[in-house]
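In what follows, a single structure is set out as structure tokens and then discussed.
Protein chains in written order, with this note's numbering: chain W, 57 to 403; chain F, 202 to 612.
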């Protein structure tokens with residue numbers, strides 16, 4: 057193996073985003089070798105990535121790190137929904153125990169210099185007492201008590217503990233906004249794929265999105281630039297939920313909050329959409345994160361703004377004009393075209 | 202009067218149940234015996250416009266019998282039958298009552314306005330458009346349609362606080378403007394104290410049971426200073442459905458240090474009501490007495506960002522819903538800071554929500570500069586309290602002088 061560049065360990069390569077990221081990373085000149093780790097082999101083409109079948113929940117991962125002489129670890133094996141992991145308890149185990157084992161292994165490996173963890177802006181929670189824009193040093197107004205957000209909050213606290221114990225390792229934590237794009241399957245995209253979109257009556261959430269291409273780009277950027285710290289990652293701008301629904305040209309159904317939660321559970325058990333009740337508070341109050349540090353300290357600029365990322369996603373769903381819109385556009389066209397005939401008598 | 206054509210009741214319809222060829226026995230029974238006996242001459246005797254009393258009886262019974270023999274000779278009722286020997290009144294009665302199958306009644310022009318020529322439509326439309334939008338109606342209408350289409354397709358932008366300037370300007374402020382100008386007859390003074398650009402913090406007294414004063418201040422600032430006032434609201438505002446959404450769309454955000462500083466740094470004109478619920482929920486007896494000014498958080502936000510503080514005194518808002526009582530138990534149950542009892546609410550139900558038409562005075566005071574202080578000033582509690590008191594005293598004194606000046610509450 058040529059020791060020209062970094063040797064990168066990527067966890068969670070069996071999932072689509074992880075696989076594509078590992079593959080893209082392997083083709084970069086600065087990176088010597090990429091080792092992908094997961095419990096199940098990836099389904100697609102992994103290019104130059106060497107896959108090692110290892111469970112990060114077991115100490116085997118320490119052997120992989122030691123044997124392959126890893127210097128950079130990219131931790132992507134954090135799942136957001138029980139559907140992927142096969143139940144909430146195994147999701148929790150994969151997320152929290154997996155991270156603990158991985159960090160324990162990294163702590164014992166002197167060769168590790170850089171750790172990149174993909175976190176999420178869900179750690180800030182969503183409530184009516186939230187500031188408009190969360191900066192990286194803000195705490196959630198209500199600590200997440202369950203679900204994905206709680207897992208991520210725990211993972212972050214373990215990562216902070218690791219950073220204290222191994223001060224020589226540069227730790228980059230990327231809190232990404234909701235990833236969206238044509239190829240993304242997560243609770244939010246499945247929510248927007250519903251034929252009629254349930255919304256919480258009387259509330260309009262502020263949403264921020266990150267395009268999948270930008271997620272790849274920021275992970276690659278973090279590996280290359282090695283800037284330590286915690287960063288909010290989101291596309292520029294803000295989209296209201298009502299606006300997003302209108303842009304999709306889909307009807308929305310306003311329901312009381314608890315019914316949206318129940319509907320989410322029903323849809324999940326029917327396997328229509330992996331959309332769980334914990335998203336209800338997000339869909340009620342929304343969330344905004346400040347990305348000044350991303351631009352100024354990390355030096356990353358997303359290619360897609362929030363609106364553009366959503367437009368790209370909407371295009372993949374096939375947006376067609378609805379009758380109201382067609383009627384308005386027709387009227388407008390007639391007014392523009394017919395203004396000469398209409399304006400005849402008085403002008 | 203005398204020349205009016207008298208149409209006897211019941212002469213046009215068919216007697217009986219109407220579907221058969223002969224009157225029903227019930228209908229025949231209704232007609233009096235003598236009327237039945239006189240039927241032979243009765244029909245012939247009736248002259249001219251017919252007399253109401255006997256006509257109804259006749260039509261109920263005599264008509265069909267005549268009709269039966271007439272139908273054979275006279276052809277369908279609608280066709281212009283030759284008038285042979287019978288006078289017109291009985292003719293009309295019997296023709297209307299004829300049991301012969303009439304041709305179905307058809308309406309040739311089904312659309313209500315089909316008879317109006319297209320030119321007239323266009324003229325009416327143009328007239329209406331000119332009435333509504335003025336002489337420049339065409340571009341105006343095009344703009345309105347474009348606006349509607351943007352709303353329908355979601356093709357507009359909101360800022361990071363969820364502020365939707367377009368809908369605020371076109372709907373919220375437009376809806377509030379008549380209330381401000383016609384109902385409360387707001388008089389604005391010292392508008393030149395609001396800087397034309399850059400961040401500034403407008404600090405106002407709070408009153409009126411419902412924060413109507415905030416809305417009115419927003420309209421007045423927009424109309425007189427040409428800037429959007431970005432209000433800071435309590436977290437309760439954002440917990441309430443609809444209210445919270447509208448507040449964010451209208452430019453409000455949560456009253457917390459982070460948001461206030463962020464907005465001020467962004468060069469916005471921020472409005473804050475430091476009395477909060479203590480101010481709007483104070484009883485009628487304490488009107489125009491400023492309550493505690495929070496913890497001075499707004500001053501530290503202004504000190505940190507170095508923006509001027511513009512004190513605003515609002516007179517008139519106290520009188521819109523005089524708070525004479527409170528229901529603390531209900532308020533606790535609903536999670537609200539207070540449940541008001543006013544002279545009209547809840548006695549008159551929704552009508553009690555009508556604010557009393559008091560005359561309002563808004564006076565913007567001279568800005569208090571904060572850019573002279575150094576960066577550490579915001580962390581000096583003594584200085585923060587002093588500036589807070591200065592702002593509070595300014596507003597209180599202005600309130601007193603405005604009250605002296607004001608002749609009556611409603612004038």
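For each residue, glycine too, the CB sits at the ideal point set by N, CA and C. Quick caveat: nothing in here was measured; it's all calculated off a predicted structure.
Using the Cβ count rule (16 or more neighbours within 10 Å means buried), how would you classify residue i?
i	result
residue 166/W	exposed
residue 317/F	exposed
residue 603/F	buried
residue 63/W	buried
residue 324/F	exposed
residue 490/F	exposed
residue 328/F	exposed
residue 601/F	exposed
residue 535/F	exposed
residue 306/F	exposed
residue 469/F	buried
Determine, using beta carbons only, whether residue i comes closer than 8 Å to chain F.
i	result
residue 201/W	no
residue 296/W	yes
residue 291/W	no
residue 259/W	yes
residue 220/W	no
residue 299/W	yes
residue 303/W	yes
residue 395/W	In this prediction, residue 395/W scores a pLDDT of 46, lower than 50, which makes its location untrustworthy; no coordinate-derived value is stated.
residue 188/W	yes
residue 391/W	yes
residue 184/W	yes
residue 311/W	no
residue 344/W	yes
residue 62/W	no
residue 387/W	yes
Find the nearest neighbour of residue i within the set the options, judged by alpha-carbon distance.
i	options	result
residue 451/F	559/F, 565/F, 367/F, 541/F	367/F
residue 462/F	191/W, 213/W, 258/W	191/W
residue 185/W	567/F, 464/F, 436/F, 542/F	436/F
residue 512/F	580/F, 479/F, 584/F, 471/F	471/F
residue 99/W	163/W, 359/W, 254/W, 76/W	76/W
residue 103/W	322/W, 132/W, 79/W, 233/W	79/W
residue 243/W	274/W, 336/W, 181/W, 169/W	336/W
residue 109/W	94/W, 253/W, 304/W	94/W
residue 114/W	338/W, 106/W, 183/W, 159/W	159/W
residue 116/W	136/W, 134/W, 154/W, 106/W	154/W
State yes or no: is the beta carbon of residue i nearer than 8 Å to at least one beta carbon in chain W?
i	result
residue 592/F	no
residue 346/F	yes
residue 478/F	no
residue 442/F	yes
residue 579/F	no
residue 459/F	yes
residue 343/F	yes
residue 334/F	no
residue 353/F	yes
residue 469/F	no
If you measure from the CB of residue i, is any heavy atom of the ligand FAD nearer than 7 Å?
i	result
residue 545/F	In the structure shown, the ligand FAD is absent, as is every other ligand, since no ligand is present at all.
Counting Cβ pairs closer than 8 Å, one from the region 572-585 of chain F and one from the region 493-509 of chain F, do we hit at least three?
Taking a cut-off of 8 Å for Cβ pairs, the region 572-585 of chain F and the region 493-509 of chain F touch, as three or more such pairs fall below it.
Against chain F: residues of the region 365-385 of chain W by CB proximity under 9 Å
377, 378, 380, 381, 384, 385
Taking a cut of 7 Å between CB atoms, which residues from the region 485-512 of chain F lie near chain W?
none
Assess, as a yes-or-no matter, whether the region 374-386 of chain W is touched by the region 326-337 of chain W under the definition of 3 or more beta carbon pairs within less than 8 Å.
no
Could you please tell me which residues of the region 446-457 of chain F, in chain order, have their CB closer than 8 Å to any CB of chain W?
446, 449, 450, 454, 455, 457
For the 8 Å Cβ check, are there 3 or more pairs between the region 116-128 of chain W and the region 64-83 of chain W?
With a cut-off of 8 Å, the region 64-83 of chain W and the region 116-128 of chain W count as touching, because enough Cβ pairs lie within range.
Does the region 356-372 of chain F come close enough to the region 293-300 of chain W that 3 or more CB-CB pairs lie under 8 Å?
yes
Using a beta-carbon distance cut-off of less than 9 Å, what residues from the region 358-372 of chain F approach chain W?
358, 359, 360, 361, 362, 363, 365
With three or more C-beta pairs closer than 8 Å as the rule, is the region 274-292 of chain W touching the region 336-351 of chain W?
yes
Is it the case that the region 275-283 of chain W contacts the region 73-91 of chain W, given that we only count it when at least three CB pairs across the two stretches are under 8 Å?
yes
Is it the case that the region 515-523 of chain F contacts the region 405-424 of chain F, given that we only count it when at least three CB pairs across the two stretches are under 8 Å?
yes
Does the region 262-272 of chain W come into contact with the region 352-361 of chain W, if we say contact requires no fewer than three beta-carbon pairs (one atom in each stretch) closer than 8 Å?
yes
Between the region 396-408 of chain F and the region 441-448 of chain F, are three or more C-beta pairs nearer than 8 Å?
no
Would you call the region 551-562 of chain F in contact with the region 475-488 of chain F, where contact means no fewer than 3 C-beta pairs closer than 8 Å?
no
Of all the residues that make up the region 552-570 of chain F, which are near chain W by a beta-carbon distance shorter than 9 Å?
none
Using Cβ-Cβ distances below 7 Å, what residues of the region 246-280 of chain W are close to chain F?
257, 258, 259, 260, 262
Touching or not, the region 228-239 of chain W and the region 334-343 of chain F, by the rule of three or more beta carbon pairs under 8 Å?
Contact fails between the region 228-239 of chain W and the region 334-343 of chain F, because fewer than three Cβ pairs, one in each stretch, are under 8 Å apart.
contact_flag[the region 256-264 of chain W, the region 305-316 of chain W] where n(CB pairs < 8 Å) is 3 or more
yes
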